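J.: I have a structure here, written as structure tokens, and I will follow up with some questions on it.
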Amino acid sequence: MKRIWILLSVLALAAAVAPFTGPFVILLLAQILVLGIIAMSVDLLLGYTGLPSLGQAAYLGVGAYLTAILATKFGFGLGWDFWLVVLMGMAAGAATAGFFGLFAIRASGVYFLMITLALGMCVWGLAYRWNSLTGGDNGINMRGRPKFGIELANDLTFFYVVLGLFIASFFALHLLVSSPFGKSLVGIRERELRMRILGYNTWLHKYIAFVIAGGFGGLAGVLWAHLNGIVSPVDVLLPASVDALLMVVLGGPGTLVGGLIGATVVVFLREYLATMVQWWQYVLGAVYVLTILYLPGGIMGLFKGGKA
Amino acid sequence: MDANFWLIQTFNGVSYGALLFLLASGLTLIFGVMRIVNLSHGAYFLLGGYVAISVMRASGSWLLALPIAALAIALLGLFVERVFLRPLGFDPLRQVLLTVGFAFLFQQAALDIWGGDNLIIQPPPALSASVVVGGLHLPVYRIFMIALACAIGLALWFAMERTRIGAMVRATVDDAEMARGIGIDTSKVSMFIFALGAFLAALGGVIGGAFLGIYPGLDFEVLPVAFAVVIIGGMGSLAGAAIGSMLVGLADNFGKALFPEIAYFSLYAPMVLILAMKPTGLLGRE
Chain A
0 MKRIWILLSV LALAAAVAPF TGPFVILLLA QILVLGIIAM SVDLLLGYTG LPSLGQAAYL
60 GVGAYLTAIL ATKFGFGLGW DFWLVVLMGM AAGAATAGFF GLFAIRASGV YFLMITLALG
120 MCVWGLAYRW NSLTGGDNGI NMRGRPKFGI ELANDLTFFY VVLGLFIASF FALHLLVSSP
180 FGKSLVGIRE RELRMRILGY NTWLHKYIAF VIAGGFGGLA GVLWAHLNGI VSPVDVLLPA
240 SVDALLMVVL GGPGTLVGGL IGATVVVFLR EYLATMVQWW QYVLGAVYVL TILYLPGGIM
300 GLFKGGKA
Chain B
0 MDANFWLIQT FNGVSYGALL FLLASGLTLI FGVMRIVNLS HGAYFLLGGY VAISVMRASG
60 SWLLALPIAA LAIALLGLFV ERVFLRPLGF DPLRQVLLTV GFAFLFQQAA LDIWGGDNLI
120 IQPPPALSAS VVVGGLHLPV YRIFMIALAC AIGLALWFAM ERTRIGAMVR ATVDDAEMAR
180 GIGIDTSKVS MFIFALGAFL AALGGVIGGA FLGIYPGLDF EVLPVAFAVV IIGGMGSLAG
240 AAIGSMLVGL ADNFGKALFP EIAYFSLYAP MVLILAMKPT GLLGRE
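The following block contains the structure:
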């Protein structure tokens with residue numbers, strides 16, 4: 000519980016301070032929250048269920064492309080129907096995960112890593128080559144954010160909407176992992192065979208977790224599209240998936256909050272440090288290496304002295 | 000679309016498959032022995048090409064650049080394996096992320112040293128010609144690629160099946176714990192295999208640099224294709240890598256020629272189908 004109060008105070012602080020910062024900082028904060036959502040979806044799989052997904056960007060891509068295509072080709076989702084697109088993005092992410100899960104959930108460990116990687120590349124391949132639908136390498140340029148009474152074109156307003164959706168996602172996932180279902184996921188992570196002997200349908204449990212994670216990936220995608228104003232194959236490429244995984248490992252798997260911490264560090268390095276120094280990518284690479292070597296429990300692990 | 004179209008596309012597919020074999024054979028060996036998903040494999044491919052370019056600029060000799068680049072990258076792989084991967088022990092996720100970290104470090108270093116331009120590795124004139132076989136103009140270079148991949152494939156097969164080191168490697172693949180139990184130094188085997196994998200990837204980079212070019216981002220472009228090969232063939236299986244390379248090489252070529260809009264999809268979708276039917280790949284065990 001304490002963790003939730005700390006998280007909420009930090010978010011409230013960010014919300015209070017945001018109006019007094021510049022547009023660049025506001026966009027960075029929004030980016031951290033969007034990536035925080037995808038990181039939490041990875042955490043549901045990796046931290047709670049023990050499934051290291053290396054293709055989570057695929058679901059973000061599905062949500063983002065759906066948003067961009069609806070907006071540019073049909074002018075849909077630029078008013079109140081934005082909220083419909085949010086739901087559709089989640090549904091599309093979940094449906095894609097529902098299809099991919101049929102292939103992926105059979106595998107475990109390293110095989111799961113490789114298969115999710117390959118499935119993610121399928122989505123990238125479509126985004127990259129299906130020119131008539133996705134704009135190919137150039138991607139899709141969006142023309143402005145939705146407006147419905149409030150104007151999301153205003154970065155600050157958009158940030159508050161993202162913040163609201165982040166908090167909603169956090170509580171939804173928090174409820175999920177605290178529920179008996181969530182506990183059985185942890186049981187599967189710790190010892191799948193025992194859970195199976197106890198009578199749990201472990202395949203179904205993992206599959207449901209995979210689909211839910213896909214849904215939140217889709218949600219992140221909808222926001223990602225509006226945040227950047229452009230959707231391109233780079234958003235779906237392997238490094239995006241790897242980053243999401245790193246955020247979780249860096250922040251601390253099995254904590255949900257860790258994903259946000261990891262997202263903060265990665266966004267700071269990728270976006271903020273990159274504007275100041277040329278050698279930022281060395282720092283990012285070094286963070287990967289050092290985290291893996293010296294921080295097995297992630298940053299959250301430092302406070303708890305062990306894995307949950 | 001006459002017979003020539005199919006012949007040329009098949010030839011191109013097979014020669015691309017030959018290049019993929021160089022990349023994927025190392026990846027599959029590393030996976031088989033160490034159970035590591037090596038995401039820096041593409042970076043070794045890229046660095047191999049870059050080192051070759053530097054050697055060629057200094058000496059002007061392609062023939063010299065090929066072995067020097069491959070050996071230099073093998074040493075780099077040796078260093079990474081000894082200093083960073085080995086101490087981690089067996090933990091797939093952390094190993095994967097560690098190799099990603101190195102992929103990013105290598106990428107940035109390559110950008111700083113060699114810049115962002117697309118560089119082409121010019122093969123010697125003898126290989127740049129083309130020959131006419133049965134009315135088809137075939138580039139000698141692609142024939143050379145196929146021959147090289149066959150030679151390396153045979154050498155690897157011979158080394159694995161007929162030598163003492165090969166037997167040790169196979170024992171480690173089958174059951175690392177048991178191999179240790181009967182006195183095989185699996186740590187040394189891992190070191191050797193990781194360096195060999197880097198060597199083969201770098202060799203692929205030099206060879207492939209002639210028609211793919213060498214540019215930033217190439218590492219993460221070839222990596223998933225190599226993974227497709229390894230997944231289709233069966234992780235850890237050399238013969239699987241050979242079959243997988245051919246299938247992916249052909250699927251890629253025909254996909255791009257026949258259905259350009261879904262070219263990459265036509266590359267990865269068959270892989271997903273194979274996985275659905277046989278999760279360990281065509282020749283994978285377990």
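These protein sequence lines map, in sequence, to chains A and B.
The opening position of the first sequence corresponds to residue 0 in numbering that gives the first Met the number 0, with each subsequent residue numbered one higher.
The opening position of the second sequence corresponds to residue 0 in numbering that gives the first Met the number 0, with each subsequent residue numbered one higher.
In this text, a Cβ means the ideal position worked out from N, Cα and C, and glycines have one as well.
Keep in mind the model is a prediction, meaning the values are calculated, not measured.
#1: With H, G and I counted as helix, E and B as strand and the rest as coil, what does DSSP make of A/Asn-227?
#2: Can you round the beta-carbon distance between A/Met-89 and A/Gly-214 to whole angstroms, since I take them to be within the 8 Å contact cut?
#3: Can you check whether the C-beta of A/Ala-67 is within less than 7 Å of a C-beta belonging to chain B?
#4: Are the beta-carbon atoms of B/Leu-286 and B/Phe-105 separated by less than 7 Å?
#5: In angstroms with no decimal places, state the Cα-to-Cα distance between B/His-136 and B/Ala-73.
#6: If you reduce the DSSP assignment to three classes, tell me which class A/Lys-205 lands in.
#7: How should B/Asn-37 be labelled, buried or exposed, when 16 other C-beta atoms within 10 angstroms of its C-beta is the threshold for buried?
#8: The beta strand (DSSP E) spanning B/Ser-129 covers which residue range?
#9: Could you check the C-alpha separation between B/Phe-44 and A/Gln-280 for me, to the nearest Å?
#10: Which of the three DSSP states, helix, strand or coil, is assigned to B/Ile-183?
#11: Run down chain A in chain order and give the residues with a C-beta less than 8 Å from the C-beta of B/Phe-44.
#12: Taking the straight line between their C-alpha atoms, what separation do you get for A/Gly-305 and A/Pro-252?
#13: Measuring only between beta-carbons, confirm whether B/Glu-260 sits less than 7 Å from chain A.
#14: Helix, strand or coil for B/Phe-258? Go by DSSP, reduced to three states.
#15: On the DSSP bridge list, what partners appear for A/Ile-139?
#16: So does the stretch 31-43 of chain A actually touch the stretch 55-68 of chain A, counting three or more Cβ pairs closer than 8 Å?
#17: Measuring only between beta-carbons, confirm whether B/Ile-230 sits less than 7 Å from chain A.
#18: Give every residue of the same chain whose Cβ lies closer than 7 Å to the Cβ of A/Arg-188, excluding the five residues on either side of it in the sequence, and list them in chain order.
#19: Alpha carbon to alpha carbon, what distance is there between A/Val-122 and B/Ile-7?
#20: Give the range of the beta strand (DSSP E) segment to which B/Leu-135 is assigned.
#21: Closest to B/Leu-26 by C-alpha separation, out of B/Arg-179, B/Gly-254, B/Ala-238 and B/Lys-255, would be which residue?
#22: A/Arg-105 touches chain B at which residues, Cβ-Cβ below 9 Å?
#23: I need the straight-line Cα distance from A/Leu-237 to B/Gly-216, nearest angstrom please.
#24: Would you kindly work out how many angstroms separate the C-alpha atoms of A/Ala-307 and A/Lys-1, rounded to a whole number?
#25: For a cutoff of 7 Å on Cβ pairs, would you count A/Ile-260 as touching chain B?
#26: Tell me the rounded alpha-carbon separation between A/Ile-81 and A/Asn-137.
#27: Would you kindly work out how many angstroms separate the C-alpha atoms of A/Ala-273 and A/Val-264, rounded to a whole number?
#28: Is the Cβ of A/Met-39 closer than 7 Å to any Cβ of chain B?
#29: Determine the direct distance from the alpha carbon of B/Val-139 to that of B/Ser-129, and round the result to whole angstroms.
#30: Can you tell me which of the three DSSP states B/Lys-277 falls into?
#31: Check whether the stretch 217-225 of chain B and the stretch 84-102 of chain A are in contact - that is, three or more C-beta pairs closer than 8 Å.
#32: Grab the span of the alpha helix (DSSP H) containing A/Glu-189 for me, first residue to last.
#33: Where do the N-terminal and C-terminal ends of the alpha helix (DSSP H) with B/Ser-291 fall, by residue?
#34: Hey, how far is the Cα of A/Val-160 from the Cα of B/Val-95?
#35: So B/Glu-220 is in the alpha helix (DSSP H); what residue range does that whole segment cover?
#36: According to DSSP, what are the bridge partners of B/Leu-118?
T.: Let me spell this out:
#1: When DSSP states are grouped into helix, strand and coil, A/Asn-227 belongs to the helix group.
#2: About 4 Å; that satisfies the 8 Å criterion.
#3: Output row for A/Ala-67: interface = no.
#4: The displayed coordinates of chain B run from 0 to 285. Any statement about residue 286 of chain B would go beyond what the structure contains.
#5: Here the C-alpha atom of B/His-136 lies approximately 36 Å from the C-alpha atom of B/Ala-73.
#6: Helix, per DSSP.
#7: Buried: at least 16 other Cβ atoms inside 10 Å.
#8: Counting along the chain, the beta strand (DSSP E) containing B/Ser-129 begins and ends at 129-132.
#9: Approximately 20 Å, taken between the alpha carbons.
#10: DSSP, read as helix, strand or coil, puts B/Ile-183 in coil.
#11: Going along chain A, no residue has its Cβ under 8 Å from B/Phe-44, so there is no contact; the nearest lies around 15 Å.
#12: At A/Gly-305, the pLDDT of 42 sits below 50, so the modelled position is not reliable and the matter cannot be decided from this model.
#13: Chain A contact via Cβ: present.
#14: Coil at B/Phe-258, not helix or strand.
#15: Beta-bridge partners assigned by DSSP to A/Ile-139: A/Val-230.
#16: Taking a cut-off of 8 Å on C-beta distances, the stretch 31-43 of chain A touches the stretch 55-68 of chain A, as three or more cross pairs fall below it.
#17: Residue contact with chain A for B/Ile-230: present (Cβ-Cβ distance below 7 Å to some residue of chain A).
#18: Cβ-Cβ distances below 7 Å link A/Arg-188 to Tyr-47, Thr-48 and Gly-49 in the same chain, with the five nearest sequence neighbours on each side left out; the list follows chain order.
#19: When the Cα atoms are used, B/Ile-7 and A/Val-122 turn out to be separated by approximately 29 Å.
#20: Where B/Leu-135 is concerned, the enclosing beta strand (DSSP E) stretches over 135-138.
#21: Among B/Arg-179, B/Gly-254, B/Ala-238 and B/Lys-255, the Cα nearest to that of B/Leu-26 belongs to B/Ala-238.
#22: By Cβ distance, chain B contributes Leu-274, Ala-275 and Pro-278.
#23: Answer to the nearest angstrom: the Cα atoms are 11 Å apart.
#24: No answer about A/Ala-307 holds up, because its pLDDT of 41 lies below 50 and its placement is not dependable.
#25: No, no contact with chain B.
#26: Note that residue 81 of chain A is Phe in the sequence shown here, rather than Ile. Here the C-alpha atom of A/Phe-81 lies approximately 24 Å from the C-alpha atom of A/Asn-137.
#27: For A/Ala-273 and A/Val-264, the gap between their C-alpha atoms comes out near 13 Å.
#28: Any Cβ of chain B closer than 7 Å to the Cβ of A/Met-39 would place that residue at the interface, and such an atom is absent.
#29: The straight-line gap from Cα to Cα measures roughly 5 Å.
#30: Looking at B/Lys-277 - three-state DSSP - the assignment turns out to be coil, as it is neither helix nor strand.
#31: At 8 Å Cβ cutoff, the stretches do not touch.
#32: Per DSSP, A/Glu-189 belongs to the alpha helix (DSSP H) from 179-189.
#33: Since the first and last residues shown for chain B are 0 and 285, residue 291 of chain B lies out of range.
#34: Taking the straight line joining both Cα atoms gives about 35 Å.
#35: DSSP places B/Glu-220 in the uninterrupted alpha helix (DSSP H) bounded by 217-232.
#36: Beta-bridge pairing links B/Leu-118 to B/Ile-213.
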